[in-house]
Amino acid sequence: MAVQTLNSQSWGVVLVAALMASSLGGCDRGPGEEAKAPASGGETKAPGVISGTEQLPPGHPPLEGLQAPAPLGGNMPADHPPLPGAADGAQPRPADEPDHPPSSGKELDVSIPDGVEGKWSAVKLEVTMPDGGKQEIRAVLGEETQLADSGLTLRAEIFLPSYISDFKTITSASNDLVNPAVKVRLMESQKDVAVGWLFQNLPEFNSFESDRVELRLLSAEGAETAGDSR
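Start counting the sequence shown at 626; every next residue gets the next number (my numbering).
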């Protein structure tokens, strides 16, 4: 009986010691902190979800097959909100906004000032044919002129002595011969072949282009004085 009592007491001491050790171990963790399971040998941490916006280390070569992000100045939908943190000048342009006004395409409206209307009657043009032959012709504004035996008809439609444009409307700044220009229309069988402007002082800016004929504005004739711009 004495041996059994001693053994019972010994087991009681062991049990109390075990409970105290467990209690002390739990106190090492902060409130709400979960116990961490020990990592077993050979196991690696599972990778997180890749969003595609992670930055590569400096000097890392670009990864093949990945498209570089668009710059701030790139085109975005018209209703796209401003990008946070970007300066006003760095905000993306709407996709339907061109980088600059078109230099060709549809014909722009022409507004002839009262001080220019009816002041000019004709223009003198140099015509160069594909075979290299040249001739000078007098084209009355608003009338059609035959170009030799080419089957082509030319009509000088509008003359502006001081051509200016805001890429929406074309007009003349004055009646002075500052930037003389004439709008011409080349036709064959009453169908348009080419339409555009010829500039006397700046022929490199001519918008008229055709592989059938080359035109150059030489001068203009006033309606009252019958003079020209030379």
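Where is the CB? At the ideal position from N, CA and C, for every residue including glycine.
- For GLU782 and VAL735, the gap between their C-alpha atoms comes out near 11 Å.
- The three-state reading of DSSP puts GLU761 in strand, counting E and B together.
- Short of 6 Å from the beta carbon of VAL807, and not among the five residues preceding or following it, lie these beta carbons of its own chain, in chain order: VAL748, ALA781, PHE784, LEU823, LEU842.
- Contact check for VAL818 and SER790: beta-carbon distance about 23 Å, past the 8 Å limit, so the pair fails to qualify.
- Apart from the 5 residues on each side of it in sequence, GLN825 sits with its Cβ closer than 6 Å to the Cβ of PRO805, LEU842 in its chain, given in chain order.
- In the DSSP assignment, ASP817 forms a beta bridge with MET812.
- Residues SER797, ASN800 of the same chain have their beta carbon placed closer than 6 Å to that of VAL741, with the five preceding and five following residues left out of the count.
- By the Cβ-count criterion, GLU849 is exposed, with fewer than 16 other Cβ atoms from all chains shown falling within 10 Å of its own Cβ.
- Separation of the CB atoms of VAL838 and VAL752 is rounded to 6 Å, and the pair is thereby assigned contact status at 8 Å.
- With contacts defined by Cβ atoms closer than 7 Å, ILE795 and LEU840 do not form a contacting pair.
- If you draw a straight line from the Cα of ALA773 to the Cα of PRO738, it comes to about 34 Å.
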